[in-house]
Amino acid sequence: MRFAVAFMASLLPVLAHAHDGVTHGSDAEAAAHQAEAAVANLPLGAPTELPFDLGGQFELVDHTGSARSEADPDGHSQLLFFGYANCPSICAVAMPMMAELTDALLTDGFKVRPVMVTIDPERDTVVNMGPELEKLHEDFVGLTGSDDQLAHVYDLFQISREKVFDDPEYGAVYAHGSHIYLLDDQGKVLTLIPPILGVERAQKIVANYLDSDIAQ
Amino acid sequence: MKRLSILLAVMGAAASPTYAAEQGERIEIKGELIDTWCYFSGVMGGPDAVVGSAHHTCALWCSAGGIPVGLLGEDGKVYMVLKIDGDDTSASGDTLLSLASHQIEADGLYYERDGLNYIVVENVVSDNGITYRNHEDYGPVPGFALPEPKE
Chain A
1 MRFAVAFMAS LLPVLAHAHD GVTHGSDAEA AAHQAEAAVA NLPLGAPTEL
51 PFDLGGQFEL VDHTGSARSE ADPDGHSQLL FFGYANCPSI CAVAMPMMAE
101 LTDALLTDGF KVRPVMVTID PERDTVVNMG PELEKLHEDF VGLTGSDDQL
151 AHVYDLFQIS REKVFDDPEY GAVYAHGSHI YLLDDQGKVL TLIPPILGVE
201 RAQKIVANYL DSDIAQ
Chain B
1001 MKRLSILLAV MGAAASPTYA AEQGERIEIK GELIDTWCYF SGVMGGPDAV
1051 VGSAHHTCAL WCSAGGIPVG LLGEDGKVYM VLKIDGDDTS ASGDTLLSLA
1101 SHQIEADGLY YERDGLNYIV VENVVSDNGI TYRNHEDYGP VPGFALPEPK
1151 E
């Protein structure tokens, strides 16, 4: 568990300094910021249809207990990730990034919904997901379901769910999906976003799709 | 500046003003399977320190925790691994854990998308294990990645 705590602590400088452009606590932080800024300006190219077979129809239950499909009930585009709402480890990279990205996109006029599908329904329940996700973003939606329902969604997105070890303090730890998926309001997968990207770069990728015919 | 140069090189797909063909292009790449978060963020150290044997333990943690695995090719580019031979689902499965930090030769389908390089590894042609023994220079990176001894 020491690793997870130290790892999360190590993320703080990078996340905190991600957009300041002024002062950095170390050469590594400065380099990370400089690199992120450089990547953010690289050309994206025109959006194209996803060349991989990902996504499809599903039925799950959200953190309020309501049924939810791949389509967003309010007609918003979606950022979808497979992980833990109650994560003791390093989901600290992807989900806070999704929250920050959601806010950044709003400044561009794009309302997107951050959505997490649990890979551990024993840990993430309808009752306990909401408060944890709300700490990240008030619009975050948590999804769970029966084993069959979840297995179907994992198959649709080719998500691995393998137990890699048992943490003596937190229980089973599963390997799980790595990317954030951009879905349109109907649940069609538009592209994928590695969570290692800076928010600025991810923002440009998402906006590029939401501005395009592919997302219409 | 060195890290910036490397990053620009590995994101080389973006140098092309338009996208390549939408169908995957078959390629063979030799390189190391790396932890992309630590490699790109710089949070654990420079790019020479967050690869190889020095970073192996952290790479395992990151892969298990949902950090995308990348293939750092001999061409200097990082290919985000979407799927790998023997892993019937997408990246971060057990196969990738067993190959973390290994030098491999991969045969697969390459895609350029959104300025990034992606690869679906259909066949691990060769697995040479961990060949970059940089722990002798750097020790474990980061030091706290080592498991705590049992009390």
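Protein chains in written order, with our numbering: chain A, 1 to 216; chain B, 1001 to 1151.
All residues carry an ideal CB built from backbone N, CA and C; glycine is no exception.
Fill in: Any beta strand (DSSP E) of 3 or more consecutive residues that is wholly inside the segment 94 to 126 of chain A
Listed in chain order, the complete beta strand (DSSP E) runs (minimum 3 residues) inside the segment 94 to 126 of chain A are 112 to 118.
Worksheet entry | N-terminal and C-terminal residue of the alpha helix (DSSP H) that residue 149(A) is part of | Following the DSSP letters along the chain, one finds residue 149(A) inside the alpha helix (DSSP H) bounded by residues 147 to 156.
Worksheet entry | Pick from 62(A), 132(A), 58(A) that is closest to residue 96(A), judged by C-alpha positions | Of 62(A), 132(A), 58(A), the smallest CA-CA separation from residue 96(A) is found for 132(A).
Worksheet item: By the criterion of Cβ-Cβ separation under 8 angstroms, what are the contact partners of residue 1052(B) in chain A?
Response: Going along chain A, no residue has its Cβ under 8 angstroms from residue 1052(B), so there is no contact; the nearest lies around 18 angstroms.
Fill in: Within chain A, partners of residue 1029(B) - CB distance below 7 angstroms
At a C-beta separation below 7 angstroms, residue 1029(B) has no neighbours in chain A, since its nearest C-beta there lies roughly 18 angstroms away.
Worksheet item: Using a beta-carbon distance below 8 angstroms, is residue 1113(B) in contact with chain A?
Response: The beta-carbon of residue 1113(B) is placed less than 8 angstroms from the nearest beta-carbon of chain A.
Worksheet entry | Which listed residue (44(A), 66(A), 199(A), 74(A)) has its alpha carbon closest to that of residue 184(A) | The candidate whose alpha carbon is nearest that of residue 184(A) is 74(A).
Item to complete: Please report how far the alpha carbon of residue 1124(B) lies from the alpha carbon of residue 138(A), in whole angstroms.
Response: Each residue's CA atom was taken as its position, placing residue 1124(B) and residue 138(A) some 43 angstroms apart.
Discussion item. Cβ closer than 8 angstroms: which chain B residues qualify as neighbours of residue 94(A)?
Written reply: From the beta-carbon of residue 94(A), the residues of chain B found nearer than 8 angstroms are 1066.
Item to complete: Can you check DSSP and say which residues form a bridge with residue 1080(B)?
Response: According to DSSP, which records beta bridges pairwise, residue 1080(B) is partnered with 1070(B), 1118(B).
Worksheet item: How is residue 134(A) classed by DSSP in three states: helix, strand or coil?
Response: Residue 134(A): helix per DSSP, three-state reduction.
Worksheet item: Within 8 angstroms (strictly less), CB to CB, does residue 1098(B) reach chain A?
Response: Using a CB distance cut-off of 8 angstroms, residue 1098(B) does not count as an interface residue toward chain A.
Discussion item. Taking a contact to mean a Cβ-Cβ separation below 8 angstroms, would you say residue 50(A) touches residue 191(A) in this structure?
Written reply: Yes, the pair counts as a contact, with Cβ atoms nearer than the cut-off.
Discussion item. Since residue 85(A) and residue 129(A) should fall inside the 8 angstroms C-beta cutoff, what is the C-beta to C-beta distance between them, to a whole number of angstroms?
Written reply: Approximately 4 angstroms separates the beta-carbon atoms of residue 85(A) and residue 129(A); this is inside 8 angstroms, confirming the contact.
Discussion item. Which of the three DSSP states is assigned to residue 1034(B) in this structure?
Written reply: Three-state result, residue 1034(B): strand.
Discussion item. Can you check which of these residues, 71(A), 70(A), 156(A), is closest to residue 53(A) by C-alpha distance?
Written reply: Minimum Cα distance to residue 53(A) is reached at 156(A).
Worksheet item: Looking at the unbroken beta strand (DSSP E) that takes in residue 67(A), where does it start and where does it end?
Response: Taken as a continuous stretch (DSSP letters only), the beta strand (DSSP E) holding residue 67(A) covers 67 to 69.
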